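Line order of the protein sequences matches chains X and U. The first sequence begins at 35 in my numbering and counts up one residue at a time. The second sequence begins at 67 in my numbering and counts up one residue at a time. Built from N, CA and C at the ideal position, the CB exists for glycine as well. Predicted model only: the values in this text are computed from it and were never measured. To start, the structure under review is shown below, and the notes come after it.
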Amino acid sequence: MRLLLVEDNARLASLIREGLDRQGFAVDWCETVDGAEHALKINEYDLLLLDLGLPDGEGLDLVRGLRRRQDMMPILVLTARGGLDDRVTGLDAGADDYLVKPFQIPELAARCRALLRRPGASLGTELTVGNVILHSAERSIAVAGLPVEATPREVDLLECLLRRAGHVVAKPALEGALYSMDAEVTPNALEACISRLRKRLSAAGANVQIRTVHGVGYALFAPVTTHG
Amino acid sequence: MDRAGNSKRGPTGPTLFRQIATRLAAFTLLFALLDVGIVVFTYSNQPESLAQELLTLEAEMAERSTTLAPDLLAGPPGAEHWAARYIEPNAHAPITEASRTGAPAGLLMDWTRRERIVGGYRISGVRSVVQDGQQRWLFMQFEGDGIRPYVPVIANEIVQHVILPLIPLSLILLLFNIFAVRRVLQPLRRAEAEVDALDPVNVLLRLSEAPAPREVNTLVRAVNRALTRLDETMIILRGFTANAAHELRTPLSIMQLSLDRLPPSPLREDLQADTQHLTRLVSQMLDLAQADALAVEPGTTVDLADIGREIVAAMAPKVFDAQRDLRFNAVGDTRALGHAEAIYRIYRNLIDNALAHAPGDTPIEVTAGPGPQISVRDHGPGISHEDVPHIFERFWRKDRRKTDGAGLGLGIVQRLAQAHGGAITVENAQDGGALFRVTFAAP
Numbered sequence: 035m036r037l038l039l040v041e042d043n044a045r046l047a048s049l050i051r052e053g054l055d056r057q058g059f060a061v062d063w064c065e066t067v068d069g070a071e072h073a074l075k076i077n078e079y080d081l082l083l084l085d086l087g088l089p090d091g092e093g094l095d096l097v098r099g100l101r102r103r104q105d106m107m108p109i110l111v112l113t114a115r116g117g118l119d120d121r122v123t124g125l126d127a128g129a130d131d132y133l134v135k136p137f138q139i140p141e142l143a144a145r146c147r148a149l150l151r152r153p154g155a156s157l158g159t160e161l162t163v164g165n166v167i168l169h170s171a172e173r174s175i176a177v178a179g180l181p182v183e184a185t186p187r188e189v190d191l192l193e194c195l196l197r198r199a200g201h202v203v204a205k206p207a208l209e210g211a212l213y214s215m216d217a218e219v220t221p222n223a224l225e226a227c228i229s230r231l232r233k234r235l236s237a238a239g240a241n242v243q244i245r246t247v248h249g250v251g252y253a254l255f256a257p258v259t260t261h262g
Numbered sequence: 067m068d069r070a071g072n073s074k075r076g077p078t079g080p081t082l083f084r085q086i087a088t089r090l091a092a093f094t095l096l097f098a099l100l101d102v103g104i105v106v107f108t109y110s111n112q113p114e115s116l117a118q119e120l121l122t123l124e125a126e127m128a129e130r131s132t133t134l135a136p137d138l139l140a141g142p143p144g145a146e147h148w149a150a151r152y153i154e155p156n157a158h159a160p161i162t163e164a165s166r167t168g169a170p171a172g173l174l175m176d177w178t179r180r181e182r183i184v185g186g187y188r189i190s191g192v193r194s195v196v197q198d199g200q201q202r203w204l205f206m207q208f209e210g211d212g213i214r215p216y217v218p219v220i221a222n223e224i225v226q227h228v229i230l231p232l233i234p235l236s237l238i239l240l241l242f243n244i245f246a247v248r249r250v251l252q253p254l255r256r257a258e259a260e261v262d263a264l265d266p267v268n269v270l271l272r273l274s275e276a277p278a279p280r281e282v283n284t285l286v287r288a289v290n291r292a293l294t295r296l297d298e299t300m301i302i303l304r305g306f307t308a309n310a311a312h313e314l315r316t317p318l319s320i321m322q323l324s325l326d327r328l329p330p331s332p333l334r335e336d337l338q339a340d341t342q343h344l345t346r347l348v349s350q351m352l353d354l355a356q357a358d359a360l361a362v363e364p365g366t367t368v369d370l371a372d373i374g375r376e377i378v379a380a381m382a383p384k385v386f387d388a389q390r391d392l393r394f395n396a397v398g399d400t401r402a403l404g405h406a407e408a409i410y411r412i413y414r415n416l417i418d419n420a421l422a423h424a425p426g427d428t429p430i431e432v433t434a435g436p437g438p439q440i441s442v443r444d445h446g447p448g449i450s451h452e453d454v455p456h457i458f459e460r461f462w463r464k465d466r467r468k469t470d471g472a473g474l475g476l477g478i479v480q481r482l483a484q485a486h487g488g489a490i491t492v493e494n495a496q497d498g499g500a501l502f503r504v505t506f507a508a509p
């Protein structure tokens, strides 16, 4: 995974690079909007990490420019601005996520992974969380290296949850995935499907957990690991 | 923030209408007195015409009192030797006919004569009166001194030429003024209503200038200029907090990430905890400064349930990580007027507060609605009666050693709620636990 970090504070940039490096990301760094434009022209990046206040311009202008050019590269804004309107302004400009400084490296890495798992992002055709692997091309699931039987609907549901692992996926989004398969979905079809999926995963010895967030949706959590 | 104390109708001066009416009455009176003065002055310079008017007035009185012989009438006040009688056209007037010139003999006409005598004057004359359709001639004569005999004449003149015309004129003027003042004050009343509508919620509102008299518009423009200045200070404050945020957060990030690179040791853990505490304090103080400078754009409708789902989704991983449960529930219509990010922070701070104060295994219940309100309920020990007045105070903590917060979270919530024109209340739920409720304006 190759990331481009645009950050004008050299010390902070080197700390972020080192931290993400240990999490398995390759990070290029530049200090200015111009530098970023140049780097984006000559290299392919999977994700852009962008500070907002840069010496030669506004980070958000870079976001707008990319989106105008139909470049759908995931963008994570890293900012020291935590004003009431800043988050919305950042997301409206076309950023995919917004993280206010100071942050911990594991948090940043988790957000990066979540963005990279999004449909269309370049994490490849395999979605892996814990010992669960979903092959998105073959529509199959494996737990601890062994294939697990699942209906197409369950695979779809698991894909949704895996792509947003560690985050809550709202019910309407999950229902949308079910409806696209089958028009006849009963009101508690989602609950029933989640419950079957849970049973299958735990029977196969999966170390991920699907939690219910009452009134909101579901979230799939990776097994607790300690990051350095 | 105590706006309830200033009632809308305070002790005010007299209304403009009353002032105008009082002044108009005073001017009328002054004008009447002036008029009377002029009348008196004019006549006192013309004793001849006064005498003429006096006899005419006496004759009119005699004409009305047909039953009484004219001799028995009182005559002018203070008059001496009053004499009056009807005379024949060809009869000789006893005293004065000889002195008259120019009148044909045998024909009488109205005449008046005023002559000086010792100690005053003597007035005599003839007036034609009509009684029972028959013309008769009345001869009158009296002696008098000074102005006193003329009082009835002057009074009559005042009534005829001052009071009778002035009273209706004043009434008409007064009515006209009521109408005019009402009309002129209309824009002032509108401006008053607009100023009343100015809330902390609505600092972006300005008074409308539209078709108002120049004097009212001058005031309206002055108020608008003051509002603009207020707005500018808000913008400066917001700019300052944004810059302060930037300047503080970057070194904090460097500190945190640098500490993570140190080899594990008890000292590192302490420093990490201190840095986190400092980070939390800084971000809460910045949040509070932002809350103080918050201007809610009027008329922005948000769905409290949507914001609630968003914050619960965002916080659930952290809450689950701490082996806690967070639940969300939406009831009925949950639309409200407000600032989405500010409401997001209200939820966040209330949930943080519940996480800090309720025991580890109890769920936190977040509810939007029914109507424009949200609530966050925990199953902790609740809030003791004597603490309720303090929990919204800035930097207040129940036990400074136990909690690691800055004591600003609920203060921020209260300020954000106030900026919405809303309110925050806290109560202990019947089956235990604290229940915080924030109400907003309905769209």
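{"Check": "Ignoring anything shorter than 4 residues or poking outside the segment 327-362 of chain U, list the alpha helix (DSSP H) runs there in chain order.", "Outcome": "332-358"}
{"Check": "How many angstroms separate the CA atom of residue 133(X) from the CA atom of residue 329(U)?", "Outcome": "27 Å"}
{"Check": "So, do the segment 367-383 of chain U and the segment 430-439 of chain U have three or more beta carbon pairs nearer to each other than 8 Å?", "Outcome": "yes"}
{"Check": "Check residue 242(X) in the structure and name its three-state DSSP category.", "Outcome": "coil"}
{"Check": "Which same chain residues, not among the five before or five after residue 250(U), have their C-beta less than 7 Å away from its C-beta?", "Outcome": "279"}
{"Check": "Taking only beta carbons into account, state which residues of the segment 369-386 of chain U come closer than 7 Å to chain X, listed in chain order.", "Outcome": "375, 378, 379, 382, 383 and 386"}
{"Check": "So, do the segment 94-105 of chain X and the segment 43-50 of chain X have three or more beta carbon pairs nearer to each other than 8 Å?", "Outcome": "no"}
{"Check": "Which one or two residues does DSSP pair with residue 180(X) in a beta bridge?", "Outcome": "177(X)"}
{"Check": "Which value, in whole angstroms, describes the spacing of the CA atoms of residue 273(U) and residue 486(U)?", "Outcome": "20 Å"}
{"Check": "For residue 35(X) versus residue 142(X), is the C-beta distance shorter than 8 Å?", "Outcome": "no"}
{"Check": "Alpha carbon to alpha carbon, what distance is there between residue 426(U) and residue 445(U)?", "Outcome": "10 Å"}
{"Check": "Alpha carbon to alpha carbon, how far is residue 252(X) from residue 238(X)? Give it in angstroms, no decimals.", "Outcome": "20 Å"}
{"Check": "Going straight from the alpha carbon of residue 302(U) to that of residue 115(X), what length do you get?", "Outcome": "16 Å"}
{"Check": "From residue 190(X) to residue 492(U), what distance separates their C-alpha atoms?", "Outcome": "44 Å"}
{"Check": "Mind listing the chain U neighbours of residue 43(X)? Cutoff is C-beta to C-beta under 8 Å, in chain order.", "Outcome": "316 and 320"}
{"Check": "By the 8 Å beta-carbon criterion, what residues does the segment 130-144 of chain X contribute toward chain U?", "Outcome": "134, 135, 136, 137, 138 and 139"}
{"Check": "So, at 7 Å on beta carbons, what are the nonlocal neighbours of residue 195(U) in its own chain, with the 5 sequence-adjacent residues on each side left out?", "Outcome": "125, 128, 129, 202 and 204"}
{"Check": "Take residue 178(X) and list the residues in its own chain whose beta-carbon comes closer than 8 Å to its own, dropping the five residues that flank it on each side.", "Outcome": "165, 238, 239 and 240"}
{"Check": "In whole angstroms, what is the alpha-carbon distance linking residue 111(U) and residue 247(U)?", "Outcome": "43 Å"}
{"Check": "Check the DSSP bridge columns for residue 150(U) and list the partner residues they point to.", "Outcome": "206(U)"}
{"Check": "Going by other Cβ atoms of all chains shown within 10 Å of its Cβ, with 16 needed for buried, is residue 160(U) buried or exposed?", "Outcome": "Note that residue 160(U) scores a pLDDT of 49, beneath 50, so its modelled location is shaky; the value from the coordinates is reported in the next line. Exposed."}
{"Check": "Buried or exposed for residue 172(U), going by 16 or more other Cβ atoms inside 10 Å?", "Outcome": "In this prediction, residue 172(U) scores a pLDDT of 49, lower than 50, which makes its location untrustworthy; no coordinate-derived value is stated."}
{"Check": "To the nearest angstrom, how far is it from the Cα of residue 440(U) to the Cα of residue 384(U)?", "Outcome": "21 Å"}
{"Check": "Roughly how many whole angstroms lie between the Cα atoms of residue 101(U) and residue 224(U)?", "Outcome": "8 Å"}
{"Check": "Apply the 10 Å Cβ neighbour rule to residue 353(U) and answer buried if 16 or more other Cβ atoms are within range, or exposed otherwise.", "Outcome": "buried"}
{"Check": "Kindly indicate if chain U contains any beta-carbon less than 8 Å away from that of residue 255(X).", "Outcome": "yes"}
{"Check": "Which chain X residues sit within Cβ distance under 9 Å of residue 400(U)?", "Outcome": "Simply none; closest approach about 12 Å."}
{"Check": "Where does the unbroken beta strand (DSSP E) through residue 372(U) begin, and where does it stop?", "Outcome": "Segment 370-387 is the alpha helix (DSSP H) holding residue 372(U); no beta strand (DSSP E) there."}
{"Check": "What does residue 46(X) reach in chain U if we use C-beta pairs closer than 8 Å?", "Outcome": "316, 319, 320 and 323"}
{"Check": "Measure the alpha-carbon distance for residue 139(X) versus residue 456(U) and round it to whole angstroms.", "Outcome": "37 Å"}
{"Check": "Please work out which residues of its chain come closer than 6 Å, Cβ to Cβ, to residue 128(X), disregarding the five sequence neighbours upstream and downstream, and give them in chain order.", "Outcome": "97 and 101"}
{"Check": "Under three-state DSSP, which class holds residue 441(U)?", "Outcome": "strand"}
{"Check": "In its own chain, which residues sit with a C-beta less than 7 Å from the C-beta of residue 449(U), not counting the 5 before and 5 after it?", "Outcome": "457, 492, 494 and 500"}
{"Check": "Nearest chain U C-beta to residue 249(X) closer than 8 Å, yes or no?", "Outcome": "yes"}
{"Check": "Run the proximity test for residue 121(U): is its beta-carbon closer than 7 Å to any non-hydrogen atom belonging to the ligand NAP?", "Outcome": "Because no ligand of any kind appears in the structure shown, any question about the ligand NAP cannot be addressed here."}
{"Check": "Which of the three DSSP states, helix, strand or coil, is assigned to residue 132(X)?", "Outcome": "strand"}
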